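Read in order, the letters of the sequence shown are residues 3 to 155 in this note's numbering.
Ideal placement from N, C-alpha and C gives every residue a C-beta, glycine not left out.
Small disclaimer: the values here were computed from a predicted structure and weren't measured.
To keep things clear, I will list the structure first and then write my remarks on it.
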Amino acid sequence: MLEDYPRQSARGNCGWTAGWGRWPEVAVETVICIGCPLGCRVSVSLDRGKRVTGMRGARCRQGERYILKELKEPVRTLTTTLRTTDEDFPLLPVRTSRPVLKTLLEDIVRGTADVVVSPPVRCGQVVVPDVCGSGADLVATTDWTRRASKNGR
């Protein structure tokens with residue numbers, strides 16, 4: 003009967019298989035490295051404890067360090083917009099001053115939804131310090147000074 007033979011899952015041998023009835027010893031993840039301009043596709047072997055047991059495809063040491071850091075604690079630089087008091091310039095583009103944990107991105111966006119910025123703002127100026135306790139500031143990415151609006155106010 004077909005059920006008596008070990009089967010691979012649809013994900014290859016990275017997932018649970020009904021025939022063997024247990025998880026494999028090693029899982030393989032593919033990560034695209036952005037540590038340098040090469041953009042290597044790196045295959046990383048992980049054991050059950052999510053520890054790296056092997057890495058293939060990284061063409062530089064910088065890539066290896068990036069992959070290890072990305073698997074342990076992924077971080078991103080958040081770019082978003084904040085509302086302003088000017089109807090002619092309704093949104094001010096901002097970014098975090100440093101990368102923040104990927105798990106905090108949604109909290110930061112929700113936490114700044116009610117922030118309204120008034121002019122003048124200079125490029126690089128801190129608009130929201132230590133946003134949501136992340137240790138990063140939200141900084142403006144453009145200059146903004148109050149201009150005369152279309153209706154002369």
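- Excluding residues up to 5 positions away in sequence, Lys-104 lie with their Cβ nearer than 7 Å to the Cβ of Pro-76 in the same chain.
- With 16 or more other Cβ atoms inside 10 Å of its own Cβ, Leu-80 counts as buried.
- Asp-116 carries a coil assignment under DSSP once its states are collapsed to helix, strand and coil.
- When secondary structure is reduced to three states using DSSP, Gly-51 falls in the coil class, being assigned neither helix nor strand.
- Straight across, the Cα-Cα distance linking Thr-86 with Arg-100 is about 23 Å.
- If you draw a straight line from the Cα of Val-118 to the Cα of Leu-93, it comes to about 9 Å.
- Checking the DSSP bridge columns, you'll see Val-129 has no partner listed.
- Annotation: Gly-59 to Gly-37 spans about 13 Å, alpha carbon to alpha carbon.
- Annotation: Arg-112 to Thr-82 spans about 11 Å, alpha carbon to alpha carbon.
- Approximately 6 Å separates the beta-carbon atoms of Val-96 and Ala-142; this is inside 8 Å, confirming the contact.
- Within a 10 Å sphere around the beta-carbon of Leu-84 sit 16 or more other beta-carbons, which makes this residue buried.
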